[in-house]
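Enquirer: Okay, here's the structure, questions in a sec.
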Amino acid sequence: MACFFEIKLGTSDVIALLALLVAGLSALYARWSWREAKKANQISLLGHKKEIYDAFFELKMHMTQKAEFAELGEVSKFYYPSKNANIYLPSDLAKDIEKYFDACFWISDIHRKYGGISKDSSAECKPHIEAEKKLAPKIENEIIKLLKEAQA
(Lines of atoms letter the chains of each structure in order from A; the text may use other names.)
(Lines give C-alpha, C1' and ligand atoms only; values in the text may rest on other atoms or scores of the structure.)
Protein backbone atom coordinates (compact mmCIF):
# COMPACT_ATOMS: atom_id res chain seq x y z
CA MET A 1 0.00 0.00 0.00
CA ALA A 2 1.44 3.28 -1.07
CA CYS A 3 1.37 6.33 1.20
CA PHE A 4 -0.20 9.39 -0.37
CA PHE A 5 1.48 11.86 1.93
CA GLU A 6 5.08 11.72 2.67
CA ILE A 7 6.04 13.90 5.60
CA LYS A 8 9.65 14.72 5.94
CA LEU A 9 10.38 16.85 8.97
CA GLY A 10 13.70 18.40 9.54
CA THR A 11 15.16 19.13 12.94
CA SER A 12 13.92 22.71 12.89
CA ASP A 13 10.37 21.53 12.05
CA VAL A 14 10.36 19.12 15.00
CA ILE A 15 11.60 21.87 17.32
CA ALA A 16 8.91 24.24 16.00
CA LEU A 17 6.17 21.66 16.62
CA LEU A 18 7.45 21.00 20.15
CA ALA A 19 7.53 24.76 20.79
CA LEU A 20 3.93 25.01 19.57
CA LEU A 21 2.90 22.19 21.91
CA VAL A 22 4.67 23.82 24.87
CA ALA A 23 3.06 27.19 24.06
CA GLY A 24 -0.40 25.59 23.97
CA LEU A 25 0.18 23.86 27.31
CA SER A 26 1.47 27.12 28.79
CA ALA A 27 -1.68 28.92 27.67
CA LEU A 28 -3.85 26.25 29.29
CA TYR A 29 -1.86 26.47 32.53
CA ALA A 30 -2.10 30.29 32.50
CA ARG A 31 -5.87 30.08 32.12
CA TRP A 32 -6.13 27.58 34.98
CA SER A 33 -3.91 29.81 37.16
CA TRP A 34 -6.09 32.82 36.38
CA ARG A 35 -9.23 30.94 37.46
CA GLU A 36 -7.61 29.78 40.69
CA ALA A 37 -6.39 33.31 41.46
CA LYS A 38 -9.89 34.64 40.87
CA LYS A 39 -11.34 32.03 43.26
CA ALA A 40 -8.72 32.90 45.89
CA ASN A 41 -9.59 36.60 45.56
CA GLN A 42 -13.30 35.87 45.99
CA ILE A 43 -12.57 33.79 49.09
CA SER A 44 -10.49 36.63 50.52
CA LEU A 45 -13.25 39.17 49.86
CA LEU A 46 -15.79 36.82 51.41
CA GLY A 47 -13.60 36.63 54.52
CA HIS A 48 -13.52 40.42 54.84
CA LYS A 49 -17.29 40.67 54.40
CA LYS A 50 -17.78 37.94 57.01
CA GLU A 51 -15.58 39.86 59.48
CA ILE A 52 -17.75 42.95 58.99
CA TYR A 53 -20.89 40.86 59.49
CA ASP A 54 -19.50 39.27 62.67
CA ALA A 55 -18.60 42.68 64.12
CA PHE A 56 -22.01 44.07 63.13
CA PHE A 57 -23.81 41.12 64.69
CA GLU A 58 -21.82 41.51 67.91
CA LEU A 59 -22.78 45.21 68.10
CA LYS A 60 -26.39 44.42 67.25
CA MET A 61 -26.55 41.89 70.09
CA HIS A 62 -25.00 44.41 72.47
CA MET A 63 -27.59 47.01 71.46
CA THR A 64 -30.40 44.47 71.82
CA GLN A 65 -29.27 43.60 75.33
CA LYS A 66 -28.31 47.06 76.58
CA ALA A 67 -30.32 49.52 74.43
CA GLU A 68 -30.07 52.89 76.24
CA PHE A 69 -27.38 51.47 78.53
CA ALA A 70 -24.98 50.71 75.65
CA GLU A 71 -21.34 50.85 76.66
CA LEU A 72 -18.99 53.05 74.67
CA GLY A 73 -16.19 50.48 74.83
CA GLU A 74 -18.34 47.82 73.19
CA VAL A 75 -19.73 50.15 70.54
CA SER A 76 -16.24 51.46 69.70
CA LYS A 77 -15.14 47.95 68.70
CA PHE A 78 -17.24 48.38 65.54
CA TYR A 79 -15.38 51.52 64.41
CA TYR A 80 -12.87 49.84 62.07
CA PRO A 81 -15.31 47.31 60.59
CA SER A 82 -17.69 50.20 59.85
CA LYS A 83 -14.88 51.99 57.99
CA ASN A 84 -13.86 48.79 56.15
CA ALA A 85 -17.44 48.45 54.92
CA ASN A 86 -16.68 51.31 52.50
CA ILE A 87 -14.06 49.09 50.85
CA TYR A 88 -15.74 45.69 50.78
CA LEU A 89 -19.48 46.40 50.60
CA PRO A 90 -21.72 48.35 48.19
CA SER A 91 -21.78 52.08 48.94
CA ASP A 92 -25.46 52.24 49.96
CA LEU A 93 -24.97 49.42 52.47
CA ALA A 94 -21.75 51.01 53.74
CA LYS A 95 -23.62 54.29 54.33
CA ASP A 96 -26.32 52.44 56.28
CA ILE A 97 -23.63 50.76 58.38
CA GLU A 98 -22.02 54.13 59.06
CA LYS A 99 -25.40 55.58 60.12
CA TYR A 100 -25.97 52.53 62.34
CA PHE A 101 -22.58 52.93 64.01
CA ASP A 102 -23.19 56.66 64.51
CA ALA A 103 -26.58 56.00 66.12
CA CYS A 104 -25.11 53.37 68.44
CA PHE A 105 -22.18 55.63 69.27
CA TRP A 106 -24.45 58.52 70.22
CA ILE A 107 -26.61 56.24 72.38
CA SER A 108 -23.55 55.04 74.29
CA ASP A 109 -22.09 58.54 74.51
CA ILE A 110 -25.34 59.94 75.90
CA HIS A 111 -25.42 57.13 78.46
CA ARG A 112 -21.81 57.94 79.42
CA LYS A 113 -22.52 61.68 79.58
CA TYR A 114 -25.55 61.37 81.87
CA GLY A 115 -24.24 58.38 83.81
CA GLY A 116 -27.53 56.55 83.39
CA ILE A 117 -31.11 57.18 82.40
CA SER A 118 -32.82 60.51 82.98
CA LYS A 119 -35.57 62.46 81.28
CA ASP A 120 -33.01 64.40 79.30
CA SER A 121 -31.02 61.35 78.28
CA SER A 122 -34.13 59.44 77.21
CA ALA A 123 -35.31 62.32 75.04
CA GLU A 124 -31.85 62.74 73.55
CA CYS A 125 -31.49 58.99 72.87
CA LYS A 126 -34.90 58.47 71.29
CA PRO A 127 -34.07 59.40 67.65
CA HIS A 128 -30.85 57.38 67.78
CA ILE A 129 -32.62 54.33 69.20
CA GLU A 130 -35.27 54.57 66.48
CA ALA A 131 -32.54 54.77 63.82
CA GLU A 132 -30.74 51.76 65.33
CA LYS A 133 -33.92 49.67 65.41
CA LYS A 134 -34.79 50.66 61.84
CA LEU A 135 -31.35 50.00 60.35
CA ALA A 136 -30.34 46.79 62.18
CA PRO A 137 -32.63 44.31 60.37
CA LYS A 138 -32.10 46.01 57.00
CA ILE A 139 -28.30 45.83 57.30
CA GLU A 140 -28.35 42.26 58.57
CA ASN A 141 -30.53 41.06 55.69
CA GLU A 142 -28.41 42.83 53.07
CA ILE A 143 -25.11 41.48 54.41
CA ILE A 144 -26.50 37.94 54.63
CA LYS A 145 -27.75 38.26 51.05
CA LEU A 146 -24.28 39.40 49.90
CA LEU A 147 -22.58 36.52 51.73
CA LYS A 148 -24.93 33.97 50.20
CA GLU A 149 -24.44 35.40 46.70
CA ALA A 150 -20.67 35.25 47.12
CA GLN A 151 -20.81 31.58 48.10
CA ALA A 152 -22.89 30.60 45.07
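So the sequence shown is numbered by full-length UniProt numbering: it starts at 1 and just counts up by one.
Note that the Cβ used here is the ideal one computed from N, Cα and C, for glycine as well.
1) How many Å lie between ALA150 and SER118 at the Cα?
2) Taking the CB atoms as reference points, tell me whether SER82 and TYR100 lie closer together than 9 angstroms.
3) Relative to the C-alpha of GLU71, which residue among GLU140, TYR29 and TRP106 is closest?
4) By the three-class DSSP mapping on this structure, what secondary structure does ILE7 have?
5) For MET63, count the other beta carbons within 10 Å of its own beta carbon; 16 or more makes it buried, fewer makes it exposed. Which is it?
6) Of all the options ILE110, ILE144, LYS113 and ALA103, which has the alpha carbon lying nearest to the alpha carbon of LYS134?
7) Between which two residues does the alpha helix (DSSP H) carrying LYS77 extend?
8) Taking just the CA atoms, how far does PHE57 sit from GLU140?
9) Output yes or no for whether 9 angstroms exceeds the beta carbon distance between LEU93 and LEU21.
10) HIS48 and ASN86 - do their beta-carbons sit closer together than 9 angstroms?
11) Pick out whichever of ALA30, MET61 and ALA40 has its Cα sitting closest to the Cα of PRO137.
12) Candidates LYS95, ALA55, TYR88 and SER91: which alpha carbon is nearest PHE78's?
13) Alpha helix (DSSP H) containing SER121: first to last residue?
14) With burial defined as no fewer than 16 other Cβ atoms inside 10 Å of the residue's Cβ, what is the status of TYR29: buried or exposed?
15) Between GLU68 and HIS111, how many whole angstroms is the CB-CB distance? I'm expecting something under 8 angstroms.
Expert: Taking the structure as given:
1) The count along the sequence shown starts at 1 and reaches residue 150 at position 150. The count along the sequence shown starts at 1 and reaches residue 118 at position 118. Approximately 46 angstroms, taken between the alpha carbons.
2) Translated into the one-based positions of the sequence shown, residue 82 becomes position 82. Translated into the one-based positions of the sequence shown, residue 100 becomes position 100. A contact, by the Cβ cut-off of 9 angstroms.
3) Position 71 of the sequence shown holds residue 71. That would be TRP106, whose Cα lies nearest to the Cα of GLU71.
4) Counted from its first residue, the sequence shown places residue 7 at position 7. ILE7: coil per DSSP, three-state reduction.
5) As a first step, residue 63 is located in the sequence shown; it is residue number 63 there, counting from the start. By the neighbour-count rule (16 or more Cβ atoms within 10 Å), MET63 is buried.
6) In the sequence shown, the residue the question calls residue 134 occupies position 134. Per the Cα distances, ALA103.
7) Residue mapping note: residue 77 aligns to position 77 of the sequence shown, counting from 1. Run containing LYS77: none; DSSP gives neither H nor E here.
8) As a first step, residue 140 is located in the sequence shown; it is residue number 140 there, counting from the start. As a first step, residue 57 is located in the sequence shown; it is residue number 57 there, counting from the start. Cα to Cα, GLU140 sits roughly 8 angstroms from PHE57.
9) Residue mapping note: residue 93 aligns to position 93 of the sequence shown, counting from 1. Residue mapping note: residue 21 aligns to position 21 of the sequence shown, counting from 1. Result no, Cβ atoms of LEU93 and LEU21 do not sit closer than 9 angstroms.
10) Residue 86 sits at position 86 when you count from the first residue of the sequence shown. Residue 48 sits at position 48 when you count from the first residue of the sequence shown. No, the pair does not count as a contact, with Cβ atoms beyond the cut-off.
11) Here residue 137 refers to the residue found at position 137 when the sequence shown is read from its first residue. Per the Cα distances, MET61.
12) Position 78 of the sequence shown, counting from 1, holds the residue named residue 78. Nearest option by C-alpha distance: ALA55.
13) Locating residue 121 in the sequence shown gives position 121, counting from the first residue. 119 to 151 is the extent of the alpha helix (DSSP H) around SER121.
14) In the sequence shown, residue 29 corresponds to position 29, counting from 1. Counting Cβ neighbours within 10 Å, TYR29 comes out exposed, since fewer than 16 surround it.
15) By one-based count along the sequence shown, residue 68 stands at place 68. By one-based count along the sequence shown, residue 111 stands at place 111. Confirmed, about 6 angstroms.
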